[in-house]
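The listed protein sequences correspond, in order, to chains A and B. For what it's worth, the numbering used here labels the leading residue of the first sequence as 2, then goes sequentially. For what it's worth, the numbering used here labels the leading residue of the second sequence as 48, then goes sequentially. C-beta atoms are modelled at their ideal positions from N, C-alpha and C, and glycine is treated no differently. Structure record follows, encoded as C-alpha cells.
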Amino acid sequence: MLVRFFNDLRAGGVPVTLPEFLSLLEALEARVASLSAEEFYYLARMAMVKDERHFDRFDRVFAEHFEGAEKLFEKLTAELPPEWLKQLTERLMSEEERRRVESLGGWDKLLETLRERLREQRGRHEGGNKWIGTAGTSPFGNQGFNPEGVRMGQESSRHRRAVKVWEARDYRNLDDGVTLGTRNLKMALRRLRRFAREGAAEELDLDGTIDATARNAGLLDLKLVPERRNAVKLLLLLDVGGSMDPHVKACEELFSAARAEFKHLEYFYFHNFPYERLWKDNRRRFSVMTDTLGVLRTFNPDYRVLFVGDATMSPYEIEQPGGSVEHWNAESGRVWMTRIAAHFPRLVWLNPEPVDRWAWTMSIEITRELVDGRMFPLTLDGLDRAMRELKHGRRIYSRHGTTDRAPTDAR
Amino acid sequence: MSAARFSGTDSYVATPDLLMAVNAAITLGRPLLIKGEPGTGKTQLALEIARALERPLFEWHIKSTSKAQQGLYEYDAVSRLRDSQLGEEKVREIRNYIVKGSLWEAFESQVQPVLLIDEIDKADIEFPNDLLRELDRMEFYVNETRELVKARHRPVILITSNNEKELPDAFLRRCFFHYIRFPDADTLEKIVRVHYPDLKSELLREALTTFFNVRETPGLRKKPSTSELLDWIKLLLAEDISPEALRGDDPKKLIPVLHGALLKNEQDVHLFEQLVFLNRRAGR
C-alpha cells in the first residue's frame with residue numbers, strides 16, 4: 002500500500018526520493034507515530050516533503066490515497082470520532098432534536114456529507130445554507146442555527162479534528178503554481194533577490210595586504226575585501242490597457258521593490274504588441290512616445306529584457322503591417338519583435354494566462370515562437386525559471402523547474 | 048539510541064505535529080530542518096529541547112560569510128606564521144593552531160548534545176553541500192593532524208531556515224522537515240498564558256483581537272508574529288493599559304496603542320492607518 006502511495010506522490014509532482022521513503026518506513030518501524038491517521042500524516046509529510054511549497058500537492062495525494070483508509074485507523078484506535086460527536090451533541094441538543102437528526106439519516110450520513118462539502122468548498126464562507134462557515138443554517142460550521150449542526154473550530158481543539166488536516170488544504174498559498182498576487186509577492190521578491198546576487202564570498206585584497214604587511218614591519222597582515230556584487234541591468238516591457246493592468250501593476254511593484262538589487266532598471270509600456278513606438282508614462286501615451294529603434298540604440302545587449310503580457314490578440318496584430326488596433330504601423334509586429342530579440346540575447350516573456358490555455362491561442366503560440374520558447378507563466382515557479390533563464394542563458398528545464406545545464410553552457 | 052522524548056516545556060507551547068517531528072528526529076538521529084515565518088520560535092525550539100532533555104546545547108549561528116569548515120575546525124595559519132617569525136616555542140605543534148568549531152565540540156560531548164545550526168540559508172549556496180558527509184556519518188577528517196573525529200553520540204541537530212535561499216536537494220534528503228505555521232487563536236492564547244500567566248483574560252482577549260486584526264490587514268510588508276505579540280503585551284502590561292483603551296472606541300485614536308511593537312515599518316503603519324480610517328467611514 003505504501004509503495005503505491007510513494008508512486009502516487011511522485012506522479013502528483015512531489016519530488017520524493019527512495020531514501021526519504023525508506024526513512025519513513027524506518028520511522029514507522031521505530032514506532033515514532035502511534036496508530037492514528039493524523040500522526041501518520043505528519044510523519045509522512047515530515048519525512049518525504051522538504052519544502053512547504055509542496056505541502057498542498059502532498060495533501061491532495063494523501064486525501065485521494067487514504068480516502069476511506071482513515072476508517073482503518075479509526076478501528077485501531079479507541080477514540081472513535083462519531084462517538085465524541087455524539088457525546089458533544091448530547092450536551093448541546095434536546096431529545097427531540099436528536100430524533101430529528103436520526104430521521105435525516107443518522108450520524109454516518111452527516112459525517113459523509115461533511116467530507117463531501119469540504120471537498121467542494123473553497124475558502125471561507127459566511128451565511129448561506131449549504132457551505133461550511135459561520136453563522137449560517139447549514140448543519141456544518143459554527144454559530145449556526147440548524148439543530149443537527151456540527152460545531153467546528155470553536156471550542157476545544159478536539160472538535161477541530163473533524164476537519165481532517167489534509168483536507169483543509171491550508172498550504173494552498175504556498176504552492177508556487179499559483180498566479181502572482183499580493184500574497185506571494187514577497188516570495189517573488191526573494192526569488193528576484195536571489196537572481197540579482199549570489200553568495201558574499203570575500204577575496205584577498207593583494208595591494209592592501211602588501212601595504213599592511215609593510216607597515217607591520219614585515220609581519221603578515223591579511224586584508225580582505227568583499228567580492229563585487231553581480232550587477233544586473235534590466236529592461237521591463239509591459240503590456241498595458243485592458244485585462245493586463247492588474248498583472249502589470251503587480252509586476253511593476255515587484256520589480257520596483259527589487260530595484261536596489263539591480264544596477265539599472267528601465268521600463269517601457271506597449272499595447273498588445275511592441276511596434277515602432279513605446280512609451281514611459283501611461284497617461285501621456287499619445288503625446289510622449291519613445292522610438293523603439295532609439296531604445297535599441299540606447300540600451301546595449303547586456304541588458305536583460307523582460308516582457309510582461311498576455312499575448313492574447315488577433316494574429317493579424319502580429320503578422321500584418323497596419324495590424325495594430327491603435328495606430329497604423331508600417332512594419333508588422335513580427336518584424337519588431339524579431340529585431341528586439343536579435344538585439345537582446347537574454348530575453349524572456351512572462352505570461353499571466355494559464356499555461357494550459359497557451360496552446361489554444363494562436364497569438365500566444367506565435368509570440369512564443371518569436372521569443373524562442375522563452376515564455377514563462379506569471380507564477381512563482383515561472384518567475385524563478387525566467388530569472389534563471391535570464392541569468393544563465395539557455396538551459397534544459399525539467400518538470401519541477403529544477404534545471405540541468407546544457408552542455409554548451411560555458412558559464 | 049536514547050529513548051528520550053520531548054513533550055514541550057513550561058515555557059514553550061509545541062503543537063502535536065511539531066512534537067512528532069522533534070521526537071522522530073531524536074529517535075532516528077536525523078537532522079531536523081525547521082522553517083516558518085520569522086518570530087515563530089524556530090531558534091527557541093533548540094534551546095527548549097536542550098533544557099527539557101537536560102542536554103548540553105551547542106550553537107552555530109550562520110552568517111553570509113560562514114564556511115562549512117568553520118563549524119568543524121579552523122587552522123589558524125596566520126598566527127602560526129606570525130609566531131614562527133617571533134620564534135615562539137609552541138609553533139612546532141600544529142595542534143596549537145587548530146581551533147575547534149561547534150560541530151567538533153558537539154561531537155566530543157560526553158552525553159548526547161543538541162546542536163543548533165541557525166539560519167542556514169544566510170550562508171553561501173554551496174554551504175549545506177559541504178556538510179553532507181558530516182551530517183550523514185557524523186564524522187570528519189582533520190587534514191592537518193591526520194585524525195578522524197567521530198561523534199561519541201549522534202547529536203540532536205536542529206537547522207533553521209528563513210527561506211532566503213533554496214537548499215540543495217541532496218541536503219534536504221538527509222533531513223526531516225517541519226514547517227512551523229503561524230499559531231491559531233487558541234494556541235496563541237496558550238503561548239501568551241505561558242509567558243504572562245497573570246494576564247487578565249479581558250485584556251488578553253482584546254489584545255489578541257487587535258493583533259489578529261492587524262495581521263489580517265492586506266498588503267503588510269511585515270506581518271507581526273508571535274514574538275512581536277509577546278513584546279507588545281509586555282509593553283501593555285508595563286504601561287498598565289486597560290482593555291477598554293484597546294477596544295479603541297475613541298475615533299481620534301485610529302491605530303492601537305503602542306503599535307510600534309507590532310508594525311515595524313512606516314509604510315505598514317501608514318497603510319494600516321488608512322485602512323482603519325476607511326473602515327470607520329464605511330461604518331458610519
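By the 16-neighbour rule on beta-carbons within 10 angstroms, B:Gly148 is buried. Residue contact check for B:Leu255 against chain A: no CB pair falls below 7 Å. Secondary structure in the region 233-272 of chain B: the alpha helix (DSSP H) runs of 4 residues or longer, each lying completely within the stretch, are 248-262 in chain order. Taking a Cβ-Cβ cut-off of 8 Å, the neighbours of A:Phe56 in chain B comprise Tyr226, given in sequence order. CA-CA distance, A:Ala360 to A:Met49, rounds to 34 Å. Under the DSSP definition of a beta bridge, A:Ser37 lacks any partner. For B:Glu166, the secondary structure class from DSSP, reduced to helix, strand or coil, is coil.
Residues of the same chain with a CB within less than 8 Å of the CB of B:Asp57, apart from the 5 flanking positions on each side, are Val241 in chain order. Between A:Lys224 and A:Tyr304, the C-beta spacing is not below 7 Å. Residue environment analysis places A:Asn352 among the buried positions, since at least 16 neighbouring C-beta atoms fall within 10 angstroms of its C-beta. Around A:Thr18, the beta-carbon contacts reaching into chain B at under 7 Å are Arg220. When DSSP states are grouped into helix, strand and coil, B:Trp151 belongs to the helix group. The DSSP-derived three-state label of A:Ser364 is helix.
Among the residues facing chain A, B:Arg129 is included, as its CB has a counterpart in that chain under 7 Å away.
Less than 7 Å divides the Cβ of B:Leu205 from the Cβ of B:Ala93.
The beta carbon of B:Met185 does not come within 7 Å of any beta carbon belonging to chain A, so the residue lies off that interface.
Put simply, the backbone Cα of A:Pro16 is about 9 Å away from that of A:Lys51. At a cut-off of 7 Å, the C-beta of A:Val62 has no neighbouring C-beta in chain B. The alpha carbon of B:Gln132 has as its nearest neighbour, out of A:Arg58, A:Asp9, A:Pro346, A:Asn217, the alpha carbon of A:Asn217. For B:Leu75, the closest Cβ of chain A is nearer than 7 Å. In this structure, the alpha-carbon of A:Ala38 lies about 29 Å from that of B:Thr90. Contact between the region 74-85 of chain B and the region 219-235 of chain B is present: three or more C-beta pairs spanning the two stretches fall below 8 Å. B:Leu119 and B:Thr74 have their C-alpha atoms some 24 Å from each other.
The three-state reading of DSSP puts B:Tyr144 in helix, counting H, G and I together.
Per DSSP, the beta-bridge partners of B:Ile81 are B:Thr207, B:His225. DSSP, reduced to helix, strand and coil, places A:Arg375 outside both helices and strands of the structure shown, so it counts as coil.
Per DSSP, the unbroken beta strand (DSSP E) holding B:His108 starts and ends at 104-108. In the assembly as shown, A:Ser24 is a buried residue. Its beta-carbon has 16 or more other beta-carbons within 10 Å. Contact check between the region 153-170 of chain B and the region 96-110 of chain B: three or more CB pairs, one atom from each, fall below 8 Å, which counts as touching.
A:His265 carries a strand assignment under DSSP once its states are collapsed to helix, strand and coil. For B:Asn70, the uninterrupted alpha helix (DSSP H) run begins and ends at 63-75, by DSSP. Excluding five sequence positions before and after A:Thr210, the CB atoms of its chain that fall closer than 6 Å to its own CB belong to Leu223, Lys224, given in chain order. Proximity of chain A to B:Val316 at the Cβ level (cut-off 7 Å) is not reached, the minimal Cβ distance being about 18 Å. Around the beta-carbon of A:His328, fewer than 16 other beta-carbon atoms lie within 10 Å, marking it exposed. At a Cβ-Cβ threshold of 7 Å, B:Ala153 and B:Pro202 count as neighbours. According to the DSSP assignment, A:Asn8 belongs to the alpha helix (DSSP H) that extends over 3-12.
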